[in-house]
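Encoded as C-alpha coordinates, the structure appears first; notes follow it.
In my numbering, the protein residues as written are 406 to 563.
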(Lines of atoms letter the chains of each structure in order from A; the text may use other names.)
(Lines give C-alpha, C1' and ligand atoms only; values in the text may rest on other atoms or scores of the structure.)
Protein backbone atom coordinates (compact mmCIF):
# COMPACT_ATOMS: atom_id res chain seq x y z
CA UNK A 406 0.00 0.00 0.00
CA UNK A 407 0.85 3.65 -0.17
CA UNK A 408 1.57 5.91 2.76
CA UNK A 409 -0.58 8.98 3.21
CA UNK A 410 2.19 11.20 1.79
CA UNK A 411 2.65 8.93 -1.24
CA UNK A 412 -1.11 8.89 -1.90
CA UNK A 413 -1.14 12.69 -1.67
CA UNK A 414 1.69 12.91 -4.20
CA UNK A 415 -0.14 10.55 -6.56
CA UNK A 416 -3.29 12.69 -6.33
CA UNK A 417 -1.32 15.89 -6.87
CA UNK A 418 0.43 14.63 -9.99
CA UNK A 419 -2.77 13.15 -11.42
CA UNK A 420 -4.25 16.66 -11.37
CA UNK A 421 -1.02 18.14 -12.78
CA UNK A 422 -1.25 15.66 -15.66
CA UNK A 423 -4.83 16.73 -16.39
CA UNK A 424 -4.01 20.43 -16.09
CA UNK A 425 -1.18 20.09 -18.61
CA UNK A 426 -2.85 17.45 -20.82
CA UNK A 427 -6.08 19.30 -21.54
CA UNK A 428 -4.55 22.39 -23.17
CA UNK A 429 -1.82 20.32 -24.83
CA UNK A 430 -4.31 18.10 -26.64
CA UNK A 431 -6.43 21.12 -27.50
CA UNK A 432 -3.35 22.70 -29.06
CA UNK A 433 -2.46 19.43 -30.84
CA UNK A 434 -5.99 19.13 -32.26
CA UNK A 435 -5.65 22.68 -33.58
CA UNK A 436 -2.27 21.92 -35.17
CA UNK A 437 -3.43 18.75 -36.93
CA UNK A 438 -6.91 20.25 -37.50
CA UNK A 439 -8.56 17.06 -36.22
CA UNK A 440 -10.28 16.12 -32.99
CA UNK A 441 -10.71 12.36 -33.18
CA UNK A 442 -7.17 11.33 -34.15
CA UNK A 443 -5.53 12.92 -31.07
CA UNK A 444 -8.30 11.50 -28.88
CA UNK A 445 -7.74 7.97 -30.19
CA UNK A 446 -3.95 8.31 -29.87
CA UNK A 447 -4.17 9.60 -26.29
CA UNK A 448 -6.70 6.96 -25.26
CA UNK A 449 -4.48 4.16 -26.59
CA UNK A 450 -1.52 5.65 -24.69
CA UNK A 451 -3.59 5.94 -21.49
CA UNK A 452 -4.75 2.33 -21.85
CA UNK A 453 -1.14 1.16 -22.25
CA UNK A 454 -0.09 3.01 -19.10
CA UNK A 455 -3.11 1.67 -17.17
CA UNK A 456 -2.18 -1.88 -18.16
CA UNK A 457 1.37 -1.15 -16.97
CA UNK A 458 0.01 -0.07 -13.58
CA UNK A 459 -2.18 -3.16 -13.34
CA UNK A 460 0.33 -5.79 -14.42
CA UNK A 461 3.82 -4.45 -13.65
CA UNK A 462 5.35 -4.21 -10.22
CA UNK A 463 6.69 -0.67 -10.19
CA UNK A 464 8.06 1.58 -7.48
CA UNK A 465 6.02 4.40 -5.98
CA UNK A 466 8.07 6.99 -7.85
CA UNK A 467 7.43 5.26 -11.17
CA UNK A 468 3.77 4.82 -10.24
CA UNK A 469 3.50 8.59 -9.80
CA UNK A 470 5.11 9.17 -13.21
CA UNK A 471 2.91 6.58 -14.94
CA UNK A 472 -0.32 7.86 -13.37
CA UNK A 473 0.68 11.41 -14.30
CA UNK A 474 1.07 10.23 -17.90
CA UNK A 475 -2.31 8.47 -17.71
CA UNK A 476 -4.01 11.65 -16.52
CA UNK A 477 -2.10 13.70 -19.11
CA UNK A 478 -3.47 11.39 -21.81
CA UNK A 479 -6.97 11.38 -20.33
CA UNK A 480 -6.94 15.18 -20.60
CA UNK A 481 -7.65 14.77 -24.30
CA UNK A 482 -11.14 13.49 -23.53
CA UNK A 483 -12.22 17.04 -22.72
CA UNK A 484 -12.21 17.56 -26.50
CA UNK A 485 -15.24 15.27 -26.64
CA UNK A 486 -17.40 18.23 -25.66
CA UNK A 487 -16.02 20.22 -28.59
CA UNK A 488 -16.66 17.26 -30.89
CA UNK A 489 -20.28 17.00 -29.73
CA UNK A 490 -20.80 20.72 -30.30
CA UNK A 491 -19.18 20.78 -33.74
CA UNK A 492 -20.94 17.67 -35.06
CA UNK A 493 -24.51 18.63 -34.25
CA UNK A 494 -26.73 21.18 -35.96
CA UNK A 495 -26.91 24.46 -34.08
CA UNK A 496 -30.52 23.85 -33.06
CA UNK A 497 -29.49 20.58 -31.35
CA UNK A 498 -26.20 21.64 -29.76
CA UNK A 499 -27.63 22.47 -26.33
CA UNK A 500 -29.60 19.22 -26.20
CA UNK A 501 -26.57 17.23 -27.36
CA UNK A 502 -24.40 18.84 -24.67
CA UNK A 503 -27.07 18.14 -22.03
CA UNK A 504 -27.19 14.47 -23.04
CA UNK A 505 -23.38 14.34 -22.94
CA UNK A 506 -23.23 15.88 -19.45
CA UNK A 507 -25.95 13.57 -18.11
CA UNK A 508 -24.17 10.55 -19.60
CA UNK A 509 -20.89 11.52 -17.95
CA UNK A 510 -22.57 12.04 -14.58
CA UNK A 511 -24.58 8.81 -14.77
CA UNK A 512 -21.45 6.86 -15.66
CA UNK A 513 -19.65 8.47 -12.72
CA UNK A 514 -22.42 7.12 -10.50
CA UNK A 515 -22.63 3.67 -12.10
CA UNK A 516 -18.90 2.91 -12.49
CA UNK A 517 -18.24 2.41 -8.74
CA UNK A 518 -21.13 -0.07 -8.65
CA UNK A 519 -19.72 -1.99 -11.60
CA UNK A 520 -16.28 -1.86 -9.99
CA UNK A 521 -17.73 -3.35 -6.77
CA UNK A 522 -19.61 -6.01 -8.71
CA UNK A 523 -16.38 -7.07 -10.49
CA UNK A 524 -14.66 -7.31 -7.10
CA UNK A 525 -17.02 -10.13 -6.07
CA UNK A 526 -15.55 -12.46 -8.71
CA UNK A 527 -12.13 -12.85 -7.11
CA UNK A 528 -12.07 -13.23 -3.34
CA UNK A 529 -8.27 -13.40 -3.16
CA UNK A 530 -7.62 -10.20 -5.14
CA UNK A 531 -10.87 -8.20 -5.18
CA UNK A 532 -9.33 -4.77 -5.87
CA UNK A 533 -7.34 -6.06 -8.83
CA UNK A 534 -10.42 -7.73 -10.30
CA UNK A 535 -12.43 -4.53 -9.86
CA UNK A 536 -9.71 -2.56 -11.64
CA UNK A 537 -10.41 -4.56 -14.82
CA UNK A 538 -13.32 -2.17 -15.34
CA UNK A 539 -10.84 0.62 -16.14
CA UNK A 540 -9.06 -0.93 -19.16
CA UNK A 541 -12.42 -2.25 -20.34
CA UNK A 542 -13.80 1.28 -20.31
CA UNK A 543 -10.81 2.59 -22.23
CA UNK A 544 -11.08 -0.23 -24.78
CA UNK A 545 -14.76 0.65 -25.30
CA UNK A 546 -13.81 4.32 -25.72
CA UNK A 547 -11.22 3.41 -28.37
CA UNK A 548 -13.77 1.34 -30.28
CA UNK A 549 -16.35 4.14 -30.19
CA UNK A 550 -13.80 6.78 -31.22
CA UNK A 551 -12.68 4.60 -34.14
CA UNK A 552 -16.32 4.20 -35.23
CA UNK A 553 -16.76 7.98 -35.09
CA UNK A 554 -13.56 8.45 -37.09
CA UNK A 555 -14.79 5.94 -39.69
CA UNK A 556 -18.12 7.77 -39.87
CA UNK A 557 -16.34 11.09 -40.28
CA UNK A 558 -13.95 9.82 -42.99
CA UNK A 559 -16.61 8.00 -45.01
CA UNK A 560 -19.26 10.67 -44.64
CA UNK A 561 -21.76 8.14 -43.29
CA UNK A 562 -24.52 9.94 -41.45
CA UNK A 563 -27.01 8.59 -38.97
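Every residue, glycine too, gets a C-beta built ideally from N, C-alpha and C.
Tell me the rounded alpha-carbon separation between residue 471 and residue 495.
40 Å
Excluding the five sequence neighbours on either side, which residues of its own chain have a C-beta within less than 8 Å of the C-beta of residue 486, listed in chain order?
502, 505
Can we count residue 488 as close to the ligand GTP, meaning its CB is less than 8 Å from some heavy atom?
No copy of the ligand GTP appears in this structure; indeed no ligand is present at all.
Quick one, which of 463, 490, 556 has its alpha-carbon nearest residue 407's?
463
Just reading off the alpha helix (DSSP H) that residue 476 is part of, what are its end residues?
465–479
With H, G and I counted as helix, E and B as strand and the rest as coil, what does DSSP make of residue 516?
helix
In its own chain, which residues sit with a C-beta less than 6 Å from the C-beta of residue 479, not counting the 5 before and 5 after it?
451
Please list the segments of the alpha helix (DSSP H) lying wholly inside the stretch 431–467, counting only runs of 4 or more residues, in order along the chain.
441–460
Closest residue to residue 419 among 537, 499, 473, 458 (Cα-Cα distance)
473
What are the boundary residues of the alpha helix (DSSP H) that residue 485 is part of?
484–491
Cutoff 7 Å; reference residue 427; Cβ partners in own chain excluding five residues on either side
480, 483
For residue 560, which of helix, strand or coil comes out of DSSP?
coil
Indicate the three-state DSSP secondary structure (helix, strand or coil) for residue 423 in the structure shown.
helix
Expressed to the nearest angstrom, what Euclidean distance is found between the alpha-carbon atoms of residue 449 and residue 438?
20 Å
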